Amino acid sequence: MNESYANAAAAIQAGELAGIKPSLYAYNDWRITLEVLPRQLSKPMKKKLMVSVEGLISQKDFSILAGSFIEYCRHNLNVSKAAEALYIHRNTLNYRLKRISRLTLLDIHSFEHCLLLYIALKCYQNCKQIKELPK
């Protein structure tokens with residue numbers, strides 16, 4: 001019962017913070033899992049992820065870069081579809097992705113690298129929302 005309650009509380013918190021609609025949350029829903037996963041990481045792992053994206057986070061236009069990258073991931077690493085969803089030219093998105101790659105030393109065309117960066121950005125957003133950035 002204790003674990004079920006904790007899972008339900010985690011699903012509700014993740015769903016509300018992510019703005020997932022409708023407001024009916026299931027812990028095994030993949031959207032919820034994507035939001036809960038960064039919260040489940042150990043503090044040392046969170047710190048390691050934050051260090052790996054420091055260069056990106058410190059940019060003035062971080063929110064634009066992060067939003068562009070998240071949208072790129074949501075569109076299965078398809079530049080054309082992501083650019084269309086962002087209402088920008090695909091070359092603009094390519095420029096942003098190259099900047100992200102330069103700042104993080106990750107290959108934006110590698111699924112594994114994108115997965116790491118996606119989780120790092122979600123972790124950062126989560127820590128920022130609950131005011132618990134690892135030091």
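Its first residue numbered 1, the sequence shown is counted upward by one per residue in full-length UniProt numbering.
Here a beta-carbon is modelled for each residue, glycine too, at the ideal position from N, C-alpha and C.
Please read all numbers here as calculations on a predicted model, not as lab measurements.
Next item on the list: Rank LYS47, LYS81 and THR92 by C-alpha distance to the C-alpha of ILE64 and give the top, closest one.
Entry: THR92
Item checked: Identity of the residue in GLU54, TYR95, VAL51 and LYS48 nearest TYR72 by Cα -> TYR95
Notebook entry, point to check: Nearest to HIS113 by alpha carbon, out of LYS81, HIS89 and VAL53?
Noted result: VAL53
Checklist line | 9 Å Cβ cutoff met for LYS46 and PRO38 | finding: yes
Check: Out of curiosity, what's the CA-to-CA distance linking ILE57 and GLU3?
Finding: 34 Å
Note to self: What would DSSP say about SER4, mapped onto helix, strand or coil?
What the structure shows: helix
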